[in-house]
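Data block below; observations after.
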Amino acid sequence: MPPLPDPESIRLAILPFLAPQVLLFLTFGLGALATAVTMVLYPNPVRSALFLVLNLFCVAVLYLLLNAYFLAVVQVIVYAGAIMVLFLFVIMLLNLGTPDRSKDVLRWQQPVAVVGGLVFALVLGLSVFSTRTLPVLDENGLAPERQKRTFNAAPQAASMLGMSPAGVGSAAGRDTETDTDGSAGGSPVGNGVSAAEGENEQVPTLASKIPVTEHGTVRGIGANLYDPTQPWLFPFEATSILLLVAVIGSVVLAKRRMPGESLAGSRTAEAGLATPDEIVPGGEA
Amino acid sequence: MEPMNPAGEAALQAATAVHPLIPVNGQVPLAWYLILATILFTVGVVGVLVKRNPIVIFMSVELMLNAVNLCLIAFGRYLGNIGGQMISIFVMAVAAAEVAVGLGILISIFRSRESINVDEVNLMQG
Amino acid sequence: MEPTAHEIVNPLLWLIPLFPLLGFLIIAFLGAGITQSPKPVVGADPHGHGHGEEHHTVEGSSELPLARGAEDAEEAHHVDTGAHDAHDAHAHGGHDAHGGHDAHGGHDDHGHHGHEAQTNPAGTRLVGAIATLAVLASFVVSVLVFFQVAASGGHAGAEGAGEAAHAVTRIFSPYFTWMHVPSMAGLPALDLSFRLAVDPLTALMLLVVTGIGTLIHLYSTGYMAQENGYARYFGYLNLFVFFMLLLIMGSNFLVMFVGWEGVGLASYLLIGYYYERKSAGDASKKAFIVNRVGDFAFLIALFLIFKHFGTFEMFGENGVLSRAAAGDWPINYLGTGLAAASGLVPLLMFIGATGKSAQIPLYVWLPDAMEGPTPVSALIHAATMVTAGVFMVCRSHVLFLQSPETMTVVAVIGLVTCFLAATIGLVQNDIKKVLAYSTVSQLGYMFLAAGVGAFSMAMFHVTTHAFFKALLFLGSGSVIHAMHHEQDMRKMGALADKIKTTYRTMFIGTLAIAGIPPLAGFFSKDEILLNAFLGPEYNGLGHWSLWLVGWIVAGMTPFYMWRMMGKTFMGEARYSPEFAKTIHESPPSMTFPLIVLAGLSVVGGFLNPAALAAIGIHGDWLHTFEHFLGSTTNWREAAGKELNIPHNIELGLVLASVAMAVVMSLVAWNLYKRRKDGVLLPEPQKAGNRLYQTLYNKWGVDDIYINVFVRGGKRLSNWLWRFMDVRVIDGTVNGIAAGIGGFANSLKGWQSGYVRNYALSILVGVVIVVVACLVAALRASAQ
């Protein structure tokens, strides 16, 4: 029987796990895990939805740990507050709340799915350890410096701002090490360093004004989002159209139909409604 | 991974822990986030495959999306890149749109049915 | 060693086959139009016309429908009531034949009735003239070539012994490259030339073929005058002559083979001339197919020849025959090391000859070939085509001499065929069948001669046989013609007074074939028997047993021939008197060839009357034929193996032959002459006599062939169809299709319709992709 290690070494071993961030992660991480599993296992859909809401809250806290403040809030407002509410609306609308106790038609589905899932998790988990090293944050919670290459976005915008079109933001600022948190304002760090390769020119852009520590704030997100040198403008616009389409689509799909009316909305004679030809403009309603 | 400048590389080497899973500098290791995201994703996958209630399937899909978001944001933080959060925003937006449309489809399919069993929608067999 | 030959190039050689070819082409393209007249003619007159102008003078019944044309329509048109009965008898007989009665032994010459278009008499005469003149022109050129060969040819004894004494003249046509395949992949080059060569052997055959061919063409103009397919007939006949000329004139084996096959084709076309009769179609197919079996063997022999010699040329320093004579002969075919294996080539060639010349086992087509018109039987199946096999053997005698075993086989098969056919001929009732079996039997004699090394005597017998057999066939055709296409001898009788010329010429022909001196058949047959008798002690290759059987057949031959004559011409008329009144002699176009051939049968023997040496007459002229052929068939002088013929043996054999021939002739003639009904045995006795029935059934050979080959072949085909085609091939094809279908069906289960299954598939795919990327990344990072 090997001798027990002395208490000092035990304490030293446990110490890293007692950091506040680590403890918070452990709590809410396990919570997210537990609620997720419960959501999947629970037969009642309404309860499942509520557990998902709890899961979303846990994940929001994890976002906070990751300095993604804006996203945590958006998670709660949009995801938990709108999407899950929509889920519950639909559950109530269709009366899907009763648990389904019927026998499973596909007998093999469940075991194969579980096995497959385990394999999948295993493989993905292995891939975590497949790389050489994973990045580690320093004491201040900052990411290590490396040569960052951002996208070659918006050449016209670059020229508009008087910058060379190539190599937007290729060089990294090098004096972050000395920068402690808070010293923001003008020091071009992180993304958006609009310098040619090998040069340290600091051309001011929206994003370049935001220090790393403020990346997760509303201001930081906004500055990056609307920065013409960043590639996020186009997805932003496209998403708006996407949302428009989604709205129209869901309205069309979920609309209750009149008898004789097809999904495309054309009116047939069965519907008892006047066909477009019969409608006299300015006549009957 | 992107090549690092020598100073950062050295810092990293110095700061690398014995094992990627052990907290360093009082920070949560990245591996923990990734593993959590993996497990959440897997749970979502299993949920999609196992449950027969379409609403629960949808919610499992949302769970998967969440896991992906978590992964993205973790990577963004640990690489010092805001791209992770930006993409996450768009993922959420698209998720919202997708939920709306998906639930609309669900309504139109299951409005006139008695039971809510996704296995019954099997007209495409053969 | 092959004596040196004088080689002359003479482009005139091309004319010889060219004339019949032109005749064929002209008739093929224009003949039908010429011979058919556009206007249908009503009335009895044109029918009587069809017989030819001379016919009317012989008998008074000119407007009788002797023509078989439209007899149904004509029944109402009779003027002569007397003729009415005869017509009825004829129609009755005709209808019987058409009803398919086989009691007559086959009315084979009835042909069809001309109820389609009427023949245009001027046109028919033109077509007949074109065809006959074409062959006559070939004959004339052949004579010229013959003189050229004979003039500068060597004669034995004139210049003493030595190689120069037997120089043979060989005339070639100009060289014409047919095909040249350069040598590749280790195979030798193939150089085929379309070249004709004439040496004494060829010249002899040329005269026979074209001469008798001309006579038979002339005969046919009379015989076939009322046929509707007149032009077709003459076209095919000319085509046959063309191919036969190619066969005998070819200077390499391939041209010979072209002719070989071509005569088979022409034979098929002509046997099936009356194609509306099923029996004719069957007979023609049988002939062609049986011939083909022989051709196959011949072809294999050609392949083996090419394999060893690298060329097909027969003559010249590189020729097959020259080199074989010089000893360049493969001993070790197929690596067996057996000396006997070297006999493979001549054996295969002989099998080909059995097909063409109707020996055992491939003789069965010749009797059936009597379905064709009688002149065809005379030309093709008596005088020319069937002798092609003998010609080929004599031409390649060098190859045969190298293998004593093959020579034995040739002799024995020839002898057995001779005997077998003679026995069958004894009991036949159809006049043409008797002659057919007689032909097979005489061909057996020729192969017997070849087998004992007497190649020149075989060719001599070919020549004399051509004379008297053609005569007999044409005579029988005349009889059949007179009897309105009745061929069953049991219905003939007492014709000697009515058709005198035919009777007399056939009498002469029978004398010849019986072997009665001094007609042609005696001299040729006697020489063959002499050679068959002389064994090794006399430098011969024969054996007394060969002679014995041959001698017995020499007794059977006169018996069945005189039986035929007696039944046909003597005795009482076995037909009605009204019918008798309609019998008349054939026109001169038919009797003239008979007379010519009769004359040749009488004097033809004196081409080589070697038997006269037995009674003390000597001289070179006794062997003119042999000397003329020279070294093309005479190998004994070059090999120094002259036959040593003791005088007493020769005399004894001659006396034995003469005695047998005369005695059997007298016996048979007297037996049958007196019989009123022409039969020796009454019917019930015939039916009960097992030997008789066996002979009548042709020894059951046809039945054996039908059972083994035809039925066996059908069974094999059936099996192949049911097993190989349906189960294996179709099974494979359908099986593949079904397999793919089944596989697709089983894949169908993948598409269950359940969304969750699809999602599971997606998961599986994702796992695979991730694993692949992982492995790639790990491998990349490990390097």
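Chains as they are written, first to last, in this note's numbering: chain A, 79 to 363; chain B, -6 to 119; chain C, 53 to 835.
Cβ atoms here follow ideal geometry from the backbone N, Cα and C, with glycine treated the same way.
| request: Below 8 angstroms on the Cβ atoms is my guess for L478 of chain C versus M558 of chain C; work out the distance and round it to an integer in Å. | output: Counting from one through the third sequence, the residue named residue 478 of chain C turns up at place 426. Counting from one through the third sequence, the residue named residue 558 of chain C turns up at place 506. L478 of chain C to M558 of chain C, Cβ: 19 angstroms. No contact.
| request: Pull up the distance between the alpha-carbon of F507 of chain C and that of L600 of chain C, whole angstroms please. | output: The sequence position of residue 507 of chain C within the third sequence is 455, counting from 1. The sequence position of residue 600 of chain C within the third sequence is 548, counting from 1. If I take the Cα positions, the gap works out to 20 angstroms.
| task | Could you tell me whether the Cβ of A828 of chain C comes closer than 8 angstroms to any Cβ of chain A? | result | Walking along the third sequence from the start, residue 828 of chain C turns up at place 776. Chain A contact via Cβ: absent.
| Which value, in whole angstroms, describes the spacing of the CA atoms of A404 of chain C and G314 of chain C? | On the third sequence, residue 404 of chain C is found 352 positions in, with the first residue counted as 1. On the third sequence, residue 314 of chain C is found 262 positions in, with the first residue counted as 1. Going by the sequence as given, residue 404 of chain C is Gly instead of Ala. Spanning the two alpha carbons is a distance of roughly 14 angstroms.
| CB contact flag (I182 of chain C, L431 of chain C, <8 angstroms) | One-based indexing of the third sequence puts residue 182 of chain C at position 130. One-based indexing of the third sequence puts residue 431 of chain C at position 379. Taking 8 angstroms as the Cβ cut-off, I182 of chain C and L431 of chain C do not qualify as a contacting pair.
| message | So within the region 574 to 625 of chain C, which uninterrupted alpha helix (DSSP H) runs reach at least 4 residues, ignoring any that extend past its ends? | response | Entirely contained in the region 574 to 625 of chain C, the alpha helix (DSSP H) runs reaching 4 residues are, in chain order, 596 to 621.
| Nonlocal neighbours in the same chain, by C-beta distance under 6 angstroms from L99 of chain B, ignoring five residues either side | Your numbering for residue 99 of chain B matches position 106 in the second sequence. Excluding its 5 nearest sequence neighbours in each direction, L99 of chain B has C-beta neighbours in its own chain below 6 angstroms: P47, listed in chain order.
| Going by the CB atoms, is the gap between L56 of chain B and A114 of chain A shorter than 8 angstroms? | As a position in the first sequence, residue 114 of chain A is number 36, starting the count at 1. As a position in the second sequence, residue 56 of chain B is number 63, starting the count at 1. Closer than 8 angstroms, so yes.
| chain B contacts from the region 326 to 340 of chain A (Cβ-Cβ distance under 7 angstroms) | Identification of residues in the region 326 to 340 of chain A having a C-beta nearer than 7 angstroms to some C-beta of chain B yields G327, S328, L331, A332, given in sequence order.
| field | Inter-residue Cα distance where the pair is H670 of chain C and L178 of chain C | value | As a first step, residue 670 of chain C must be located in the third sequence, where it is residue number 618. As a first step, residue 178 of chain C must be located in the third sequence, where it is residue number 126. Approximately 50 angstroms, taken between the alpha carbons.
| Using a C-beta to C-beta distance shorter than 7 angstroms, which residues of chain C count as neighbours of A191 of chain A? | In the first sequence, residue 191 of chain A corresponds to position 113, counting from 1. By Cβ distance, chain C contributes L812.
| Quick one, which residues of the region 796 to 808 of chain C are near chain A if we go by CB-CB under 9 angstroms, in chain order? | The residues in question are S804, Y806, R808.
| Identity of the residue in C:V345, C:L354, C:G311, C:Y285 nearest Y326 of chain C by Cα | Along the third sequence, read from residue 1 onward, the residue named residue 326 of chain C stands at position 274. Of all alpha-carbon atoms in C:V345, C:L354, C:G311, C:Y285, the one lying nearest the alpha-carbon of Y326 of chain C is that of C:Y285.
| task | Spell out whether any CB of chain C is found under 8 angstroms from the CB atom of M117 of chain B. | result | Residue numbering aside, residue 117 of chain B sits at position 124 when the second sequence is read from its first letter. Taking Cβ atoms only, chain C reaches closer than 8 angstroms to M117 of chain B, which makes this a yes.
| request: Would you tell me roughly how many angstroms separate the C-alpha atoms of V819 of chain C and F198 of chain A, rounded to the nearest one? | output: On the third sequence, position 767 is the one that residue 819 of chain C refers to. On the first sequence, position 120 is the one that residue 198 of chain A refers to. Separation of V819 of chain C and F198 of chain A (C-alpha to C-alpha, rounded to the nearest whole angstrom) is 6 angstroms.
| field | Contact with chain A by M85 of chain B, beta-carbon distance below 8 angstroms | value | Here the question's residue 85 of chain B lines up with position 92 in the second sequence. Yes, contact with chain A.
| Is the shortest distance between the beta-carbon of L322 of chain A and the beta-carbons of chain C less than 8 angstroms? | For the purposes of this step, residue 322 of chain A is identified with residue 244 of the first sequence, where counting begins at 1. By this cut-off, L322 of chain A is not an interface position.
| said: Output needed for K552 of chain C: all residues of its chain with C-beta closer than 6 angstroms, excluding positions within five of it in sequence on either side, in chain order. | reply: Sequence index remark: in the third sequence, residue 552 of chain C carries index 500 (1-based). The answer is none, since no qualifying residue turns up.
| Below-8 angstroms beta-carbon distance, V197 of chain A vs any chain C residue | Here residue 197 of chain A refers to the residue found at position 119 when the first sequence is read from its first residue. Yes, V197 of chain A lies at the interface with chain C (some Cβ there is under 8 angstroms from its Cβ).
| Three-state secondary structure assigned by DSSP to V293 of chain C | For this step, residue 293 of chain C is matched to residue 241 along the third sequence. Reduced to three states, the DSSP call for V293 of chain C is helix.
| Validate contact between the region 243 to 258 of chain C and the region 193 to 205 of chain C using beta carbons, cut 8 angstroms, 3 pairs | These segments touch.
| message | Please report whether the beta-carbon of Y157 of chain A lies at a distance below 8 angstroms from any beta-carbon of chain B. | response | Within the first sequence, the letter at position 79 stands for residue 157 of chain A. So yes, Y157 of chain A belongs to the interface.
| said: So, at 7 angstroms on beta carbons, what are the nonlocal neighbours of F358 of chain C in its own chain, with the 5 sequence-adjacent residues on each side left out? | reply: Counting from 1 along the third sequence, the entry for residue 358 of chain C is found at position 306. Same-chain partners within the cutoff: F364.
| request: Under 6 angstroms Cβ to Cβ from V139 of chain A, same chain only, skipping five residues before and after it: list those, please. | output: Here residue 139 of chain A refers to the residue found at position 61 of the first sequence. When the five nearest sequence neighbours on each side are left out, the beta carbons in the same chain lying within less than 6 angstroms of the beta carbon of V139 of chain A are those of F106, in order along the chain.
| query | How would you call G95 of chain B, buried or exposed, if buried means at least 16 neighbouring beta carbons within 10 angstroms? | reply | Your numbering for residue 95 of chain B matches position 102 in the second sequence. Classification of G95 of chain B: buried, given that the 10 Å Cβ count is 16 or more.
| query | Straight-line CA distance for L93 of chain A to L143 of chain A? | reply | Against the first sequence, residue 93 of chain A aligns to sequence position 15. Against the first sequence, residue 143 of chain A aligns to sequence position 65. The alpha-carbon of L93 of chain A is positioned some 20 angstroms away from that of L143 of chain A.
| field | Straight-line Cα distance separating V183 of chain A from Q803 of chain C | value | Position 751 of the third sequence holds residue 803 of chain C. Position 105 of the first sequence holds residue 183 of chain A. Their Cα atoms are separated by approximately 15 angstroms.
| Given that a residue counts as buried once 16 or more other Cβ atoms are within 10 Å of its Cβ, and exposed if not, what is I78 of chain C? | Taking the third sequence and counting its residues from 1, one reaches residue 78 of chain C at position 26. Per the 10 Å Cβ criterion, buried.
| C-beta atoms of P63 of chain C and P226 of chain C nearer than 8 angstroms | Numbered from its first residue, the third sequence carries residue 63 of chain C at position 11. Numbered from its first residue, the third sequence carries residue 226 of chain C at position 174. For the 8 angstroms CB-CB criterion, P63 of chain C and P226 of chain C form a contact.
| What residues of chain C sit near V201 of chain A, judged by a beta carbon separation below 8 angstroms? | As a working note, residue 201 of chain A is residue 123 in the first sequence. Going along chain C in sequence order, the residues near V201 of chain A (Cβ under 8 angstroms) are V819, V822, V823, L826.
| message | So, with DSSP's three-state summary, where would you put T553 of chain C? | response | Counting from one through the third sequence, the residue named residue 553 of chain C turns up at place 501. Three-state result, T553 of chain C: helix.
| query | Hey, how far is the Cα of A30 of chain B from the Cα of N62 of chain B? | reply | To locate residue 30 of chain B, count along the second sequence from 1; it is residue 37. To locate residue 62 of chain B, count along the second sequence from 1; it is residue 69. Straight-line Cα distance between these residues: approximately 9 angstroms.
| Taking Cβ-Cβ distances shorter than 8 angstroms, what residues in chain B pair up with T283 of chain A? | Along the first sequence, read from residue 1 onward, the residue named residue 283 of chain A stands at position 205. None at all; the shortest Cβ gap to chain B is about 13 angstroms.
| task | Just tell me which of C:G740, C:Y275, C:L598, C:D754 has its CA closest to the CA of I476 of chain C. | result | Start at 1 with the first residue of the third sequence, and residue 476 of chain C comes out as number 424. Out of C:G740, C:Y275, C:L598, C:D754, the CA that lies nearest to the CA of I476 of chain C is found in C:D754.
| said: Helix, strand or coil, according to DSSP, for R222 of chain C in the structure here? | reply: Taking the third sequence and counting its residues from 1, the one referred to as residue 222 of chain C is at position 170. Taken through DSSP and simplified to helix, strand or coil, R222 of chain C comes out as strand.
| query | Which residues, in chain order, does the region 113 to 145 of chain A contribute to contact with chain B at a C-beta distance below 8 angstroms? | reply | The residues in question are A114, V115, M117, V118, P123, S126, A127, L130, N133, L134, V137, L140, Y141, L143, L144, N145.
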